[in-house]
Every structure is written in C-alpha cells, then in structure tokens.
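J.: Residues 1 to 81, numbered by the UniProt record's numbering, are exactly what the sequence shown covers, in order.
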Amino acid sequence: MADLNTSRLNDQVTRLNQAVRDLQDSTSETPDESLIELMRQVEEMAREIVRRVAEIERELALISAIGALDNLRNLVREARE
C-alpha cells in the first residue's frame, strides 16, 4: 500500500530545492565538477520525490474510488432486498 505521508515528501522536496539554492549561492566562483554533480543529484532526488508523491496521490484516488464503488454496490444490494 502507498506511503500516505505525502506532506513529508513535499517538505523533502522543498528542503532539497533550498539546498541546491544554498549551494549555488555559496559558490562565488565557477562551481567545480563535484559541486555540479552534487547539485544534479539533489535535483534528481527532488524529481523522484515529486514523481512518488504523484504516484501516491493516484493510488489514494483509486482506493477512494474503490471504496465508493463498494458502498454503491452495498446500497444496490440493500435496495434489492
């Protein structure tokens, strides 16, 4: 089942984006290769978190829809009785 803590994941994205900005601001000179690679990795992590949040939200919507269909099925069953 999906991890339901999407707000925590969104907070992580915010912190990762801030970390990238801080790294960029802290380099007064041209960043070296290791810093560029670190920023790339942080940005990739942020994209992965955003993708996972979207996936979780879709799963939660499906779970909600299935629950609604079950309720409707039960109502139809009761109406027939």
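Even glycine gets a Cβ: it sits at the ideal position worked out from N, Cα and C. In this text, all values refer to a predicted model and were calculated from it rather than measured experimentally.
(1) By a C-beta neighbour count over all protein chains shown, 10 Å radius and 16 as the cutoff for buried, is I49 buried or exposed?
(2) Which residue from D32, D70, R73, E59 puts its Cα closest to that of N5?
(3) Secondary structure at E55, three-state DSSP: helix, strand or coil?
(4) Are the beta-carbon atoms belonging to L16 and A46 less than 8 Å from one another?
(5) Between the C-alpha atoms of Q18 and A61, what's the straight-line distance to the nearest angstrom?
T.: Taking the structure as given:
(1) buried
(2) E59
(3) helix
(4) yes
(5) 30 Å
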